[in-house]
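Numbering (the working numbering), first residue to last: 9 to 282.
Using N, Cα and C, we set each Cβ at its ideal position, and we do this for glycine too.
Quick caveat, the model's predicted, so the values are computed rather than measured.
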DNA sequence: GATGATGTTGGTAA
DNA sequence: GTTACCAACATCAT
């Protein structure tokens, strides 16, 4: 469940369900998910209490009482689940955090792309990906001045630029297509060709879309079971993503799907022109 | 059965 | 600094 709104939904679910819970022990079935030495990871977290879970971009930050932070990235398919002790595990359960209250916090990940890194709190910035992460897509951090500056300096296509986590935190493939459609900007437009009006529009659509998607508990594409029983609702509000061949809601032109920088890209060829 | 695509990121090479 | 390609994996659609 990757993009920012989905990660935020997971963060809220974790705070609701396991804030204050204490880890008794950890089982790791796929060691590559843990970036630390696995034995040290288990040992340092045993007996620790989850004080709260924060988020930066698409990264979850589990805060523990002993000055440790576990950075967790779900990548494509990572999911957390809270279950009664020794229940609910599947062949895709790769890490089990046993809690002292007779529940288990499960980490499930069909493709095993997700990663966890344990670092001293305050040193999250040393974790790959957090070192260079850009501003959060909220009004006071993603300023017009900032966007104007980075766009003006780049000839890159606008879609891969807004997907670049070091430029803006949290946008993924779905919301990149959605916000560009809302802003009537072709995904292959060079960033430095955007007008001031287009920049302002795109910025506002990014900020609004993220907030709206969080309200809808994120987008569930591969449907199935979402952690915490919070199946995302936002897939019902997508305008172009997954709508290849369907009429554009604004002009009726059929939505096209192309490849841009190796990613599937949906857009309206009538309203989003180069 | 084979092929290609999938909500991501990081490393490498040109 | 860029871009392109690949790798990490499993599942689903064609």
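### Query
Sorted by chain position, which residues of the same chain lie with C-beta nearer than 6 Å to residue 266's C-beta, five sequence neighbours on each side aside?
Correct list, in chain order: 273.
### Query
In terms of residues, what are the limits of the beta strand (DSSP E) holding residue 71?
For residue 71, the uninterrupted beta strand (DSSP E) run begins and ends at 67 to 72, by DSSP.
### Task
Using 10 angstroms around the beta-carbon of residue 80, count the other beta-carbons present and answer buried if the total reaches 16, otherwise exposed.
Classification for residue 80: buried.
### Message
Suppose only complete runs of 4+ residues qualify. What are the alpha helix (DSSP H) ranges in the stretch 135 to 171, listed by chain order?
### Response
Runs of the alpha helix (DSSP H) inside the stretch 135 to 171: 152 to 160 and 166 to 171.
### Message
Is the separation between the beta-carbon of residue 47 and that of residue 240 shorter than 9 Å?
### Response
Not a contact, by the Cβ cut-off of 9 Å.
#### Entry: Pairwise C-alpha distance: residue 108 and residue 121
Roughly 28 Å separates the two Cα atoms.
#### Entry: Local conformation of residue 27 per DSSP, three classes
Judged by DSSP in its simplified three-state form, residue 27 adopts coil rather than helix or strand.
### Message
For residue 49, report the span of its alpha helix (DSSP H) as first-last.
### Response
From DSSP, the alpha helix (DSSP H) with residue 49 extends over 46 to 53.
#### Entry: Distance, residue 259 Cα to residue 105 Cα
So the alpha carbons of these two residues sit roughly 51 Å apart.
### Task
Would you identify the three-state DSSP class for residue 205, choosing helix, strand or coil?
Three-state DSSP puts residue 205 in a helix.
### Query
Does the stretch 37 to 52 come close enough to the stretch 15 to 27 to have 3 or more Cβ pairs within less than 8 Å?
The stretch 15 to 27 and the stretch 37 to 52 do not touch, with fewer than three beta-carbon pairs separated by less than 8 Å.
### Task
Go ahead and label residue 213 buried or exposed: buried means 16 or more other beta carbons lie within 10 angstroms of its beta carbon, across all protein chains shown.
Its Cβ being crowded by 16 or more others within 10 Å, residue 213 is buried.
### Query
Quick one: what does DSSP say residue 64 is sitting in, helix, strand or coil?
Reduced to three states, the DSSP call for residue 64 is strand.
### Message
With the cut-off set at 9 Å, would you say residue 178 and residue 66 are in Cβ contact?
### Response
It is a contact, given that the beta carbons lie within the stated cut-off.
### Task
Kindly indicate which three-state DSSP category residue 59 falls into: helix, strand or coil?
If DSSP states are grouped into helix, strand and coil, residue 59 belongs with the strands.
### Task
Would you kindly report the start and end of the unbroken beta strand (DSSP E) that includes residue 244?
It is not in any beta strand (DSSP E) - residue 244 carries neither H nor E in the DSSP assignment.
### Query
residue 115 lies in the beta strand (DSSP E); which residues open and close that run?
Per DSSP, residue 115 belongs to the beta strand (DSSP E) from 111 to 116.
### Whole-angstrom distance between residue 200 and residue 160, CA atom to CA atom
The alpha-carbon of residue 160 is positioned some 4 Å away from that of residue 200.
### Message
Taking contact to mean 3 or more Cβ pairs, one atom from each stretch, closer than 8 Å, check whether the stretch 82 to 101 and the stretch 112 to 126 are in contact.
### Response
Yes, since at least three Cβ pairs between the stretch 82 to 101 and the stretch 112 to 126 fall closer than 8 Å, the two stretches touch.
### Query
Could you give the distance in angstroms between the alpha-carbon of residue 146 and the alpha-carbon of residue 215?
Those two C-alpha atoms are separated by around 5 Å.
### Task
Within its chain, find whatever has a CB closer than 6 Å to the CB of residue 197; leave out the 5 residues flanking it on each side and keep chain order.
Contacts found: 166.
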